[in-house]
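Converting from the sequence shown to the working numbering requires adding 54 to each position, the first position being numbered 1.
Where a beta carbon is used, it is the ideal one built from N, C-alpha and C, also for glycine.
Working notes, beginning with the structure itself.
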Amino acid sequence: MSTSLRRVPPLHALAAFEAAARLSGFAQAAQELCVTPSAVSHRIRQLEAQLGMSLFDRGPGGVRLTTAGRMYLDNVREAFDKLAQTSGVLSPPARERLRVSVPPTFARQLLMARLPEYLRLHPEVELEVHLSIPLQDVTAEAADVEVRWGRGDYPGRDAVRLFADVVLPLAAPAYVAELGLQAPADLGRAVLLRSPLLPWRTWLEACGQTRGEPEQGAVFNDLGMLFEVAAAGLGVAMGTRRLSAAWVDSGRLVPLFGLTAASPFDYYVVTTPQQAARSAVADFTDWLAAALG
């Protein structure tokens, strides 16, 4: 008993035919398929030779489907639709991409240790984390969700404050002992390390100090660097309780004077209204607020 061999046209020829018919031209089909117009023409002629019929009328004004071509196009599109449906059934659901932009110290001190929990709860999310520059709101990549350090005033954006924190001066134990730092007035003989992320003015005013913002000394635009320099015994840094916890818990820095003030800046999750409507964005925002609450 013999069986006849099916002569199925090459898929690339069928794709060229469908694209040329849909886009009304070989050049347009070639652009979509990333091949040359001559390659499209060759594939369609190959298909016509195998079928034994003309699919296009070719003329000075371009090409148009023949009656046979229109009938064959219906069959090709039906076959392509069935392939697409079958692929959707057999393929695992696509993972949703979520791009998150975070400041460096926030990432290292607050996010990274908690991130495994989020990934375990949301295996359907393809997460990308990129670093941004605090206050300048600059990131190397476009982001669906941004964590920003600021006052929460972001026109045209939705902003959710993650938590409130307090600021306090910090120094290495040896530095405190060397200078005998026992009261805020003693800071007059200390080096006050500076950062635009945490100005001294807020804490000084809350403690009744008349001296203004320090105008001399090294400036650091990353709080992690600021804390490291202070831990090395090079001066007193202004920090927040949450961000400096790793340095304080290890004993490398100690809070001074037992005096704190409300932080002038906080961390906010910032999104556009359109992004905020996405379930992945809302889920991440809710999870992060709960994890840090």
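Item	Value
Inter-stretch contact at 8 Å, needing at least 3 Cβ pairs: the region 128 to 137 / the region 246 to 259	no
Contact under 9 Å by Cβ, D111 with T120	yes
Residue ranges of each beta strand (DSSP E) within the region 195 to 227, 3 or longer	199 to 204, 212 to 215 and 220 to 225
Three-state class that DSSP yields for F110 in the structure shown	strand
Spatial distance of L164 from A331 (CA atoms)	25 Å
G278, enclosing alpha helix (DSSP H) - first and last residue	L277 to A285
Rounded separation between L216 and Q328 - CA only	20 Å
Range covered by the alpha helix (DSSP H) that runs through V256	Note that residue 256 is Thr in the sequence shown here, rather than Val. Per DSSP, T256 belongs to the alpha helix (DSSP H) from R255 to A260.
Per-residue DSSP class, three states only, for S58	Low per-residue confidence applies at S58: pLDDT is 48, beneath 50, and the placement is therefore not dependable enough to give any value.
Test item: CB-CB of A103 and A83 under 9 Å	no
Neighbour-count burial assignment, V175, 16 or more Cβ in a 10 Å radius	Going by the sequence as given, residue 175 is Leu instead of Val. Flag for L175 reads exposed.
Cut-off 7 Å between Cβ atoms - residues of its own chain near R265, not counting five sequence neighbours on either side	L258
Contact the region 207 to 225 vs the region 166 to 181: 3+ CB pairs below 8 Å	no
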